[in-house]
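Asker: Residue numbers (the numbering used here): 8 to 354. Where a beta carbon is used, it is the ideal one built from N, C-alpha and C, also for glycine.
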Amino acid sequence: MKYWLLLCLFCSSLAMATKDLLTFRDAVQEQEYQRLTQSLRCPKCQNSSIADSGSVIAADMRQKLYQLLQQGKSEQQVVDYMVVRYGHFVSYEPPLTPLTWLLWGGPLAVVILGGGVIIRRSRQKVEVSDAVVQQTAITFSPVPLWQWLPGIALTLGVSAFLVYQTGSIPQVQAWKQDTAQTPELLALWQQDPQDISDRDTLSRLALGMRTRLQEQPDDINGWIQLGRIGYQLDNAPLVIQALEKARVLDPDNQLATLGLAEALTRSSSPEDVTQGGELLKDMILKGNVNLAVLNLYAVNAQQQQHWQDAVTGWKAVLKQLSPDDPRAATVEGYLCEAMSKQQKHGG
8 MKYWLLLCLF CSSLAMATKD LLTFRDAVQE QEYQRLTQSL RCPKCQNSSI ADSGSVIAAD
68 MRQKLYQLLQ QGKSEQQVVD YMVVRYGHFV SYEPPLTPLT WLLWGGPLAV VILGGGVIIR
128 RSRQKVEVSD AVVQQTAITF SPVPLWQWLP GIALTLGVSA FLVYQTGSIP QVQAWKQDTA
188 QTPELLALWQ QDPQDISDRD TLSRLALGMR TRLQEQPDDI NGWIQLGRIG YQLDNAPLVI
248 QALEKARVLD PDNQLATLGL AEALTRSSSP EDVTQGGELL KDMILKGNVN LAVLNLYAVN
308 AQQQQHWQDA VTGWKAVLKQ LSPDDPRAAT VEGYLCEAMS KQQKHGG
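#1: Would cysteine 343 be called buried (16 or more neighbouring beta carbons within 10 Å of its own) or exposed?
#2: How many Å lie between methionine 346 and tryptophan 314 at the Cα?
#3: Would valine 35 be called buried (16 or more neighbouring beta carbons within 10 Å of its own) or exposed?
#4: Using 10 angstroms around the beta-carbon of serine 274, count the other beta-carbons present and answer buried if the total reaches 16, otherwise exposed.
#5: Closest to proline 224 by CA distance: which of Lys252, Asp202, Ser210 is it?
#6: May I ask which residues mark the beginning and end of the alpha helix (DSSP H) holding isoleucine 57?
#7: Report the start-end ranges of each beta strand (DSSP E) in the region 229 to 290 that is 3 residues or longer and not cut off at the edges.
#8: On a CA-only basis, which of Arg42, Asn307, Met68, Ser210 is nearest glutamate 278? Give me that one, please.
#9: From lysine 326 to glutamine 197, what distance separates their C-alpha atoms?
#10: Quick check on the burial criterion: 16 or more other C-beta atoms within 10 angstroms. Buried or exposed for asparagine 302?
#11: Output the distance between the C-alpha atoms of glutamate 191 and glycine 283, rounded to the nearest integer angstrom.
#12: Is it the case that the Cβ atoms of glutamine 239 and leucine 220 are separated by a distance below 7 angstroms?
#13: Just curious, the alpha helix (DSSP H) that threonine 337 is in, first and last residue?
#14: If we count the other Cβ atoms within 10 Å of its Cβ and call it buried at 16 or more, is glycine 234 buried or exposed?
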């Protein structure tokens, strides 16, 4: 993997990520991921699991869930993290906490209490005449509307409180506040991406960009910018997803294609590395040849142990460098290694 040091020298300005899409350690981990995404509720959609929801919040939850599993967290630890962050509402099987009892029993208690108040107020003594008594007819006075108001107000107030506490409304409000700051944060980031270095601010910017791109899915530059932000966050799935979206809109976009090829080349999946190589070959055939493309092509060939292609690539890179370029010596070292492997293994 030592080739990545040289790759960074040539391609750091592209700011692309370094991992493949969701790659699981084994089938057991993949099943854990599927179970968890089905068992957690989307705070925004509320009636959908995060596996079925297309909201930005659900996508962020799926990404965080994947990261936690990669860190070796158990299913219960993942659920506990999500509950702390989004509240018990996200779990379809919330624990029996005082708030849960309040949620289940509160409305019934309010109805009983309100009904008791109303019945008590309605039991008024009725004055009847002797003639009415003799006829055993009892007349009840009608209950004024204002006497119903305390019970109704109490019911509505408690219900609103329960919905606010258990419906992830605070989290949704925080999401709306973050998206409202997107124009300001994006303008600051466009001036110099390094001006925004803390992860929390970058995460809020990424969330706002994803929300904006859901409303403006044809914004090619927006997708590319989101990919670069994903690189700063070290969020590989976000980077690849964003660049693939950009390439769907413009298959010939050199920045998106090269960035995607780099991310795929760095993948641990042989299929991804092969796909990255195909993208690079296509760029070269179309005449999109520059130092970054040639360097990445050589690295990709070396990753696939295509030694002849690697030799060709490193030679092409050397031709692009001046003799006094400090990178030339490093490239020559990789070229010698590729030539040695070619003689030993062929191909």
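Answerer: The short version:
#1: Of the other Cβ atoms in all chains shown, fewer than 16 fall within 10 Å of the Cβ of cysteine 343; this residue is therefore exposed.
#2: One alpha carbon belongs to methionine 346, the other to tryptophan 314, and they sit about 7 angstroms apart.
#3: Exposed is the call here.
#4: Answer is buried; the Cβ neighbour count reaches 16.
#5: Comparing Cα-Cα distances from proline 224 to each of Lys252, Asp202, Ser210, the minimum goes to Lys252.
#6: Per DSSP, isoleucine 57 belongs to no alpha helix (DSSP H) and is neither H nor E.
#7: Restricted to the region 229 to 290, not a single beta strand (DSSP E) segment is unbroken, complete and at least 3 residues in length.
#8: Of all alpha-carbon atoms in Arg42, Asn307, Met68, Ser210, the one lying nearest the alpha-carbon of glutamate 278 is that of Asn307.
#9: Whole-angstrom Cα-Cα distance: 34 angstroms.
#10: Buried is the call here.
#11: Rounded to the nearest angstrom, the two C-alpha atoms are 35 angstroms apart.
#12: No, these two residues do not count as a Cβ contact at 7 angstroms.
#13: Per DSSP, the continuous alpha helix (DSSP H) segment holding threonine 337 begins and ends at 334 to 352.
#14: Sixteen is the threshold: when 16 or more other Cβ atoms of the shown chains lie within 10 Å of the Cβ of glycine 234, as they do, the residue is buried.
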